[in-house]
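First the structure, in the form of structure tokens, and then the observations on it.
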């Protein structure tokens, strides 16, 4: 989604629905977070990664570099790398991607990688094996403490969000994640978005 | 889904939950229904199509033959052809497929093709243009008059169905379709299935 459109939606939400439960939605495409060691292995010890653009969540950004994911049944090329580097490499894909690759990752919150799937990650330089790295991201809402207070929810609470579209759905078990560095936004993947008729600007309504 | 598994689920539903609102679910992969004229154009005037297998809805079957869908941005090979032939060619794909092909079909009920998308359909023999043929199937439940009576719903009624999974959702605007030739089953596409954590045997619960 474009930055201008995100700002417009956030403004609309804040201006016209203050006190309401309207939630802006963003769709996460497949991406990887790499550890410092894996960056060195994949791109070279002295290679300097370059930033492409900032993402909507403050401090998060995308690199210009991309990688290839290799599974037993398929390959996904041109997969985005998000920064900054993490302690452990984490690969976030949709179920559709998982079927194409031939793997079966669990639905998990970011950072919860114990027992998750393995995948091979490749650049033109080399291929590495990333054990316990692949998850399907559990749907979640980023928000600040102020948002949480206004919406009447707490960190880690599970809520429901109705998607208003020509294929309306209520997404259940949506995890609330509260942090002062966050910006109010619900993150879903392309399967959830396409199955719910999401288009740029589609809004969600939180149901507690 | 395998025939044995479908039967097991239907039996379970009928035996142990009689009077309940449990609905078996099947996932529809991309497919085409061809008109007699298009079959002749694509395979030859005197070509005899051959049946591969019967489908869960009585009288519906899949042919051994397959076609290729060609859009402005992509190509999908090996797409299933379902029979019997229809008056008008109808192509049913997911939003994910539509994005890959570069087209924007509406979400519609089967047979409602006015103003729908166009696509090129190819075999090794030729390519045809199929105008007003492509839709994203609106989620629906096939059932008999007896099912409808037991479940307390009517033909064309919109209901909600909760999918019990590790990514639970409530699908809204699910169309009830009643016909004595039908067998109780909810049909969703792979976007809806993957976004809802569907696996073989996952059941739905109708909420009126």
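Chains as they are written, first to last, in UniProt numbering: chain A, 1 to 208; chain B, 1 to 208.
Note that CB positions come from ideal geometry on N, CA and C, so glycine has one too.
If you're wondering where the values come from, they're calculated on a predicted model, not measured in any experiment.
- The beta carbon of residue 163/B lies closer than 6 Å to those of 169, 196 and 204 in the same chain, with the five residues before and after it left out.
- Residue 75/B has a beta carbon lying at 7 Å or more from every beta carbon in chain A.
- Assignment of residue 166/A by DSSP, reduced to helix, strand and coil, places it in the coil class.
- With fewer than 16 other Cβ atoms inside 10 Å of its own Cβ, residue 72/A counts as exposed.
- Contact between the stretch 118-132 of chain A and the stretch 77-93 of chain A is present: 3 or more CB-CB pairs across the two stretches fall below 8 Å.
- Identification of chain B residues near residue 171/A by a Cβ-Cβ cut-off of 7 Å yields 169, ordered along the chain.
- Think of a sphere of 8 Å around the beta carbon of residue 96/A: the chain B residues whose beta carbon falls inside it are 96, 190, 191 and 194, in chain order.
- Using beta-carbon distances, residue 127/A does not count as an interface residue toward chain B, since no partner is under 7 Å.
- DSSP places residue 51/A in the strand class (E or B) of the three-state scheme.
- Flagged as an interface residue toward chain B: residue 107/A, by a C-beta distance shorter than 7 Å.
- Not flagged as an interface residue toward chain A: residue 200/B, since no C-beta distance is shorter than 7 Å.
- Restricting attention to 199/B, 136/B and 35/B, the CA atom closest to the CA of residue 129/B is found in 35/B.
- Identification of chain A residues near residue 197/B by a Cβ-Cβ cut-off of 8 Å yields 95 and 107, ordered along the chain.
- At least one beta carbon of chain B lies nearer than 7 Å to the beta carbon of residue 166/A.
- Beyond the five residues adjoining it in sequence on each side, residue 207/B comes within less than 8 Å, by CB distance, of 21, 159, 160, 161, 162 and 170 in the same chain, given in chain order.
- Comparing alpha-carbon positions, the option among 152/B, 184/B and 133/B lying closest to residue 6/B turns out to be 184/B.
- Secondary-structure assignment with DSSP links residue 129/A through a beta bridge to 120/A.
- Every unbroken stretch of the beta strand (DSSP E) spanning 3 or more residues and falling wholly within the stretch 74-117 of chain B is given here in chain order: 75-86 and 90-92.
- Residues 126 and 128 of the same chain have their beta carbon placed closer than 8 Å to that of residue 41/B, with the five preceding and five following residues left out of the count.
- In this structure residue 87/A is exposed. Its beta-carbon is surrounded by fewer than 16 other beta-carbon atoms within 10 angstroms.
- DSSP places residue 204/B inside the beta strand (DSSP E), whose first and last residues are 203-207.
- Beta-bridge partners of residue 187/B (DSSP): 26/B and 140/B.
- Selection 100/A, 134/A and 107/A evaluated against residue 32/A yields 134/A as nearest (Cα-Cα).
- Its Cα nearest to that of residue 54/A, the residue 63/A stands out among 63/A, 47/A and 46/A.
- DSSP links residue 63/A through a beta bridge to 51/A.
- Judged by pairs of C-beta atoms under 8 Å, the stretch 175-182 of chain B touches the stretch 135-143 of chain B, as three or more such pairs exist.
- As DSSP reads the structure, residue 70/A sits in a beta bridge with 75/A and 120/A.
- The alpha-carbon separation between residue 102/A and residue 3/A amounts to approximately 34 Å.
- Annotation: the continuous alpha helix (DSSP H) that includes residue 37/B extends over 36-43.
- Sequence-distant partners of residue 107/B (beyond 5 residues in either direction) whose C-beta falls short of 6 Å from its own C-beta, in its chain, are 136 and 138.
- Residue 131/B is classed as exposed because its beta carbon has fewer than 16 other beta carbons within 10 Å across all chains shown.
- Contact check for residue 94/B against residue 190/B passes: the beta carbons are separated by less than 7 Å.
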